[in-house]
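Here's what the structure looks like:
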């Protein structure tokens, strides 16, 4: 097997969520970390231990790191509200960027970032790892008809619910942070399954005990251009975390419930049931798929669905959610212009 071209990689934001890049962006995948950058000294200490890099490869300031290190790309795992300015700084230095989700904390910033990237003819991708996870990939194959064992055809109904336990706001203090930071994952996955969205109707609320300044629980009804309806729920104030996804098509259903994935044929009588078949899931990492497609793009192959340009559709759904909640109405995709 041909060895992948090695990309000299600057890792920015190496604590918390940035741990995955320390673990997976390694030479075996075509990435060779050459420097670390974080505002927190303890995060840098942990990253040094994980990578074996010395103190001279550690930086507390991104500008200094970019001037001091020869690199091919950046993996950026900073908080969402910093994504645009830090990505633009890296692009201005001539580097390809893989930035954590969500791409930006608002539609305006997302559009501005995509314009900036296009103006510099740069390669920027977003680490939308959910679409690469095993169950999500299996559902994609069923919906697209590429899984001969479980061909569903076009889904009619999708139920997507993820209550989460996040009682501490931390950096998620800006309006609709849960939408721009987390719902973007869900919307990106739905777009990868179902194609373009047509309209969305949403509501938001905060629990009585919530520590969030802004409502951070949302529910929505989405209609896709192919006719599929999606009932969506995401809550940060939940008292128990869970993930349940149901995909109902003409020939059967697929249900993901807290890591257990089953399928069944559609019953043909009222209240009927057909045996559920357990579908084994590979023990994979969604971030591995992200890195594979980003590496392929940087080294000259196809633009992936997670490129900043294509991820703007995910940001559009987030903006539709925000507008629907703020204005109390159904919002259509064609209301949002594309960036010039």
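Numbering (our numbering), first residue to last: 24 to 363.
Each residue gets a CB set at the ideal place from its N, CA and C atoms; glycine is no exception.
Source: prediction; values computed, not measured.
Within the DSSP secondary-structure output, residue 270 pairs in a beta bridge with 181, 277.
For residue 240, the beta-bridge partners assigned by DSSP are 228, 258. Here residue 348 carries a helix assignment [DSSP, helix/strand/coil]. Comparing alpha-carbon positions, the option among 146, 182, 216, 193 lying closest to residue 176 turns out to be 216.
Around the beta carbon of residue 317, 16 or more other beta carbons lie within 10 angstroms, which makes this residue buried.
By the Cβ rule, the stretch 45–63 does not count as touching the stretch 123–143, because fewer than three pairs are nearer than 8 Å. Residue 263 counts as exposed, since fewer than 16 other beta carbons sit within 10 angstroms of its beta carbon. Sixteen is the threshold: when 16 or more other Cβ atoms of the shown chains lie within 10 Å of the Cβ of residue 43, as they do, the residue is buried. When DSSP states are grouped into helix, strand and coil, residue 140 belongs to the helix group. Using a Cβ-Cβ distance cut-off of 8 Å, the stretch 102–119 and the stretch 137–147 are in contact, since at least three pairs of beta carbons, one from each stretch, lie closer than that value. Judged by DSSP secondary structure, residue 284 falls within the beta strand (DSSP E) whose first and last residues are 283–288. In terms of CA proximity to residue 162, 174 leads the group 245, 174, 133. Counting only runs of at least 4 residues, the stretch 31–56 fully encloses the following alpha helix (DSSP H) elements, listed from N- to C-terminal order: 42–47.
With 16 or more other CB atoms across the displayed protein chains lying within 10 angstroms of its CB, residue 212 is buried. Secondary structure in the stretch 139–215: the beta strand (DSSP E) runs of 3 residues or longer, each lying completely within the stretch, are 147–150, 178–186 in chain order. Excluding sequence positions up to five before and after residue 205, its CB lies within less than 7 Å of the CB of 257, all in the same chain and listed in chain order. Note on geometry: alpha-carbon atoms of residue 293 and residue 199 lie some 41 Å from one another. Per DSSP, residue 100 lies in no beta strand (DSSP E) segment and is marked neither H nor E. Assigned with DSSP and collapsed to three states, residue 330 falls in strand. In the DSSP secondary-structure assignment, residue 60 is bridged to 35, 82. Under the DSSP assignment, residue 304 falls outside any beta strand (DSSP E); it carries neither an H nor an E label. Residue 89 carries a helical assignment under DSSP once its states are collapsed to helix, strand and coil. For residue 223, the secondary structure class from DSSP, reduced to helix, strand or coil, is strand.
Within the DSSP secondary-structure output, residue 123 pairs in a beta bridge with 150. With 16 or more neighbouring CB atoms inside 10 Å of its own CB, residue 56 falls in the buried class. Only residues of its own chain outside the window of five on either side were considered, and among them 43, 47, 152 have a CB closer than 6 Å to the CB of residue 310, listed in chain order. Across the structure, residue 361 and residue 218 are spaced so that their CA atoms are roughly 17 Å apart. Contact check for residue 304 against residue 158 passes: the beta carbons are separated by less than 7 Å. Secondary structure of residue 355 (DSSP, three-state): strand.
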